[in-house]
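In this note's numbering, the protein residues as written are 3 to 102.
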């Protein structure tokens, strides 16, 4: 399903809740402000997905569109590396990313 651009924070939260219910998401889903303050702080590309390690650093980023299988693989890798005790995990590759 596609949604029109949200006009209120409540709409944005509802759309995110709907998306989470549509599929099993083994990760926390964050919802940005209407002015996209957090999104723009990471980079201007649309539909980027970011994996944040437990130190708060970006461990991996990619364009979201059609990359759920890749993102799931990277989540598993991040969890494995974290369990192995790597303090700051940076997986380096930014698959299908033009620039951010």
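Ideal Cβ positions, reconstructed from N, Cα and C, are used throughout, including at glycine.
- Taking residue 51 as reference, the option from 37, 81, 26, 77 with the minimal CA-CA separation is 77.
- Residue pairing by DSSP places residue 81 in no beta bridge whatsoever.
- Note that the region 11 to 20 touches the region 33 to 42; at least 3 beta-carbon pairs, one per stretch, sit closer than 8 Å.
- Within the same chain, 77 come within 7 Å of residue 29 by CB-CB distance, once the 5 residues on both sides are set aside.
- With respect to the 8 Å criterion, residue 72 and residue 53 are not classified as neighbours on the basis of their beta carbons.
- Residue 42 places its beta carbon 8 Å or farther from that of residue 65.
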